[in-house]
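Chemist: Before we start, here is the structure in question, set down as structure tokens.
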Ligand code: HEM
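Numbering (the numbering used here), first residue to last: 364 to 872.
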């Protein structure tokens with residue numbers, strides 16, 4: 364029943380009019396924001412776009428035949444930056460060190476496009492948190508990556524590499540191995556030992572360990588979602604079998620982390636009261652020990668929920684990235700026997716047949732380090748990172764981008780920018796000789812990003828890479844199989860498109 368007001372106008376009619384006005388105001392605002400967004404991006408020259416799709420059709424597949432190639436061609440043409448459009452959503456892709464430096468000097472929050480796919484897994488850990496929370500936790504976590512803490516991990520990296528090499532030996536001379544499969548298990552094995560002192564035996568028996576299977580499963584599902592645009596919608600994803608499985612695996616991983624944290628907290632309490640506790644004999648501090656003990660200036664530590672997010676972040680960010688870095692380094696050395704031989708000579712001189720790399724060995728592996736760096740350049744592990752601006756930003760040439768804009772830094776494009784690197788497609792470790800590095804822009808080489816939000820795990824990762832490459836070079840010769848030339852593909856980190864990356868491994872006497 365419509366109730367007339369004193370003036371005779373009924374309430375429903377008035378409500379409908381108010382609603383209509385609100386809807387119109389909202390639509391006008393949306394259109395205006397969209398026009399502002401388009402105008403802001405149009406200040407930057409870029410490729411023509413389809414009225415509906417934007418550049419989506421050019422960015423598929425996200426590999427060297429699609430997005431990675433297309434954006435490198437645009438980099439050669441536009442030099443500094445160019446807009447890219449996913450339908451109506453555009454962002455500025457920056458591909459030059461000067462532009463990257465401006466963005467990476469800020470602590471602007473991560474964009475909401477890619478990171479939200481992994482947020483249900485890694486929560487509000489260091490990779491995705493922002494503002495005061497990020498600032499406090501970055502300070503609390505930094506001691507976990509101190510030189511002294513990382514030192515004993517070289518033994519763990521050596522052990523994990525030795526297990527992988529034993530598997531290769533068993534497969535016989537000249538066996539064709541699927542590099543990413545073996546190397547990912549190896550880096551996850553190391554990460555579980557360094558972060559949680561968990562010996563999962565995952566390299567030998569992966570399927571027996573539900574946690575390890577879940578971490579792999581989550582990584583695969585996140586990539587699937589990233590690659591298939593319709594799944595970007597939270598609503599659609601929620602109702603798909605993949606969405607269901609993702610939530611189930613998240614629960615499993617969270618429960619595992621929570622149990623490990625609870626048990627360790629109890630063990631630490633027990634240890635404080637008992638000098639003869641079993642933990643006293645432990646040879647190294649793992650990340651969890653440090654996270655449980657760290658305190659800010661007010662004496663407050665991290666809550667169990669915060670620690671869980673950080674542990675899950677390390678698992679996500681710490682193993683797949685390093686696996687990519689190592690897999691592509693092995694591939695590049697297999698492609699270039701002359702560089703491989705120099706690495707082998709260096710490894711043999713430094714290790715003298717030892718099966719364990721020690722911390723003092725690492726600075727002596729200078730040629731191997733150059734080969735790893737050149738591989739991180741050519742096969743950039745994290746092809747792109749994104750930010751959502753909360754305030755206007757001004758680039759060195761005076762151009763501005765307003766608050767609310769999405770902006771990306773593409774280490775992949777910067778590393779392949781012919782205005783920054785001579786012959787960018789050529790694998791040439793000598794680029795990283797000290798004399799050839801002089802005068803290079805501080806942001807020309809960005810595998811670990813730069814600025815306040817750079818990779819906190821970069822020394823951990825480089826130590827693991829150097830250890831693994833030295834041990835592998837000492838004991839194996841690697842060759843490519845011409846029937847299996849891989850195509851690099853952006854799967855959040857750089858992997859190889861199906862069927863993957865295969866190498867022949869030959870044990871040396
Ligand atoms: C080759 C191996 C690695 C590469 C190439 C790499 C690369 C990167 C990059 C590019 C970022 C910036 C991401 C962004 O701005 O969105 C980053 C951040 C981060 N990385 Fe790594 N990473 C590697 C290994 C690791 C390892 C081993 C760990 C942990 C043990 C780790 C932990 C993190 C964390 C926690 C952040 C977020 C830092 C912050 O925002 O304060 N990374 N990494």
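Quick reminder that beta carbons are idealized off the backbone N, C-alpha and C, glycines included. As the structure is a computational prediction, the values presented were derived from the model and not from experiment.
Leaving out five residues before and five after residue 625 in sequence, what residues of the same chain have Cβ atoms less than 8 angstroms from its Cβ?
Modeler: Around residue 625: 667.
Chemist: Would you call the stretch 798 to 807 and the stretch 485 to 502 touching, i.e. three or more CB-CB distances under 8 angstroms?
Modeler: Flag = no, the stretch 798 to 807 and the stretch 485 to 502 do not touch.
Chemist: What runs of the beta strand (DSSP E), each 3 residues or longer, lie entirely inside the stretch 813 to 861?
Modeler: DSSP runs (the beta strand (DSSP E)) wholly in the stretch 813 to 861: 839 to 843, 851 to 854 and 856 to 859.
Chemist: Could you say if the stretch 743 to 750 and the stretch 469 to 489 meet the contact criterion of at least three C-beta pairs nearer than 8 angstroms?
Modeler: Yes, the stretch 743 to 750 touches the stretch 469 to 489.
Chemist: Starting from residue 525, follow the alpha helix (DSSP H) in both directions and report where the run begins and ends.
Modeler: That run of the alpha helix (DSSP H) goes 516 to 533.
Chemist: Under the three-state reduction of DSSP, which class applies to residue 749: helix, strand or coil?
Modeler: Strand.
Chemist: For residue 407 versus residue 762, is the C-beta distance shorter than 8 angstroms?
Modeler: Yes, the Cβ-Cβ distance between residue 407 and residue 762 is below 8 angstroms.
Chemist: How far does the beta strand (DSSP E) with residue 866 in it reach, from first residue to last?
Modeler: Where residue 866 is concerned, the enclosing beta strand (DSSP E) stretches over 865 to 870.
Chemist: Answer yes or no: do residue 837 and residue 714 have a C-beta to C-beta separation smaller than 8 angstroms?
Modeler: Yes. Within cutoff.
Chemist: Going by DSSP, name the residue or residues bridged to residue 772.
Modeler: According to DSSP, which records beta bridges pairwise, residue 772 is partnered with 457 and 748.
Chemist: Per DSSP, which residues does residue 490 bridge with? Please list them.
Modeler: Paired residue(s): none; residue 490 is not in a bridge.
Chemist: DSSP on residue 426, reduced to helix/strand/coil?
Modeler: Residue 426 falls in the strand class under three-state DSSP.
Chemist: In terms of alpha-carbon separation, which member of 779, 509, 516 and 604 lies closest to residue 721?
Modeler: Per the Cα distances, 516.
Chemist: Looking at residue 543 and residue 863, is the spacing between their C-beta atoms short of 8 angstroms?
Modeler: A contact, by the Cβ cut-off of 8 angstroms.
Chemist: For the beta strand (DSSP E) containing residue 541, name the first residue and the last one.
Modeler: 538 to 541 is the span of the beta strand (DSSP E), which, as asked, contains residue 541.
Chemist: On a CA-only basis, which of 848, 841 and 852 is nearest residue 870? Give me that one, please.
Modeler: Comparing Cα positions, the closest option is 841.
Chemist: Flag this pair as touching only if the stretch 768 to 775 and the stretch 705 to 712 have three or more C-beta atom pairs under 8 angstroms; answer yes or no.
Modeler: Judged by Cβ distances under 8 angstroms, the stretch 768 to 775 makes no contact with the stretch 705 to 712, as fewer than three pairs qualify.
Chemist: Please state the DSSP three-state secondary structure of residue 417.
Modeler: In the structure shown, residue 417 sits in a strand (DSSP, three-state: E or B).
Chemist: Using 7 angstroms as the cut-off, classify the Cβ of residue 523 as near or not near the heavy atoms of the ligand HEM, replying yes or no.
Modeler: Checking every heavy atom of the ligand HEM against the Cβ of residue 523, none is found closer than 7 angstroms.
Chemist: How about residue 446 and residue 409: do their beta carbons lie closer than 8 angstroms?
Modeler: Contact flag set, yes.
Chemist: Is residue 803 near the ligand HEM, with its Cβ less than 7 angstroms from a heavy atom?
Modeler: The answer is no for residue 803.
Chemist: When you get a sec, list the residues whose CB is within less than 6 angstroms of any heavy atom of the ligand HEM, chain order please.
Modeler: Taken from the N-terminal end onward, the list reads 473, 489, 490, 501, 676, 677, 680, 681, 684, 685, 688, 744, 745, 748, 810, 811, 812, 816, 818, 819, 820, 823 and 824.
Chemist: Check this for me: beta carbons of residue 549 and residue 576, under 8 angstroms apart or not?
Modeler: Against a cut-off of 8 angstroms, the Cβ pair of residue 576 and residue 549 comes out as no contact.
Chemist: Which complete alpha helix (DSSP H) runs does the stretch 580 to 649 hold, if anything under 4 residues is left out?
Modeler: The stretch 580 to 649 contains these whole alpha helix (DSSP H) runs: 597 to 602 and 604 to 636.
Chemist: If contact is defined by three or more beta carbon pairs under 8 angstroms, each pair taking one atom from either stretch, is the stretch 784 to 801 in contact with the stretch 446 to 460?
Modeler: No, because fewer than three Cβ pairs between the stretch 446 to 460 and the stretch 784 to 801 fall closer than 8 angstroms, the two stretches do not touch.
Chemist: Return the first residue and the last residue of the beta strand (DSSP E) that residue 507 is part of.
Modeler: Run containing residue 507: none; DSSP gives neither H nor E here.
Chemist: With a 10 Å radius around its C-beta and 16 neighbouring C-beta atoms as the bar for buried, classify residue 373 as buried or exposed.
Modeler: That one is exposed.
Chemist: Rounded to whole angstroms, what's the CA-CA distance from residue 611 to residue 846? Just pull it up for me.
Modeler: Spanning the two alpha carbons is a distance of roughly 39 angstroms.
Chemist: What number of angstroms, rounded off, separates the C-alpha of residue 867 from the C-alpha of residue 414?
Modeler: Their Cα atoms are separated by approximately 47 angstroms.
Chemist: Who are the near neighbours of residue 441 in its chain, counting only those whose CB is closer than 7 angstroms to its CB and skipping five residues on each side?
Modeler: So the qualifying residues of the chain are 408 and 409.
Chemist: Is the beta carbon of residue 787 sitting closer than 8 angstroms to the one on residue 733?
Modeler: Cβ atoms of residue 787 and residue 733: not closer than 8 angstroms.
Chemist: Decide if residue 738 is buried, meaning its Cβ has at least 16 other Cβ atoms within 10 Å, or exposed.
Modeler: With 16 or more other Cβ atoms within 10 Å, it is buried.
Chemist: Considering just the uninterrupted stretch of the alpha helix (DSSP H) at residue 691, what are its terminal residues?
Modeler: Unbroken alpha helix (DSSP H) run through residue 691: 667 to 698.
Chemist: Could you give the C-beta distance for residue 616 and residue 675, rounded to a whole number, given that I count them as a contact under 8 angstroms?
Modeler: Residue 616 to residue 675, Cβ: 6 angstroms. Contact.
Chemist: Should residue 582 go down as buried or exposed, given a rule of 16 or more other Cβ atoms within 10 Å for buried?
Modeler: Buried, since its Cβ has 16 or more Cβ neighbours within 10 Å.
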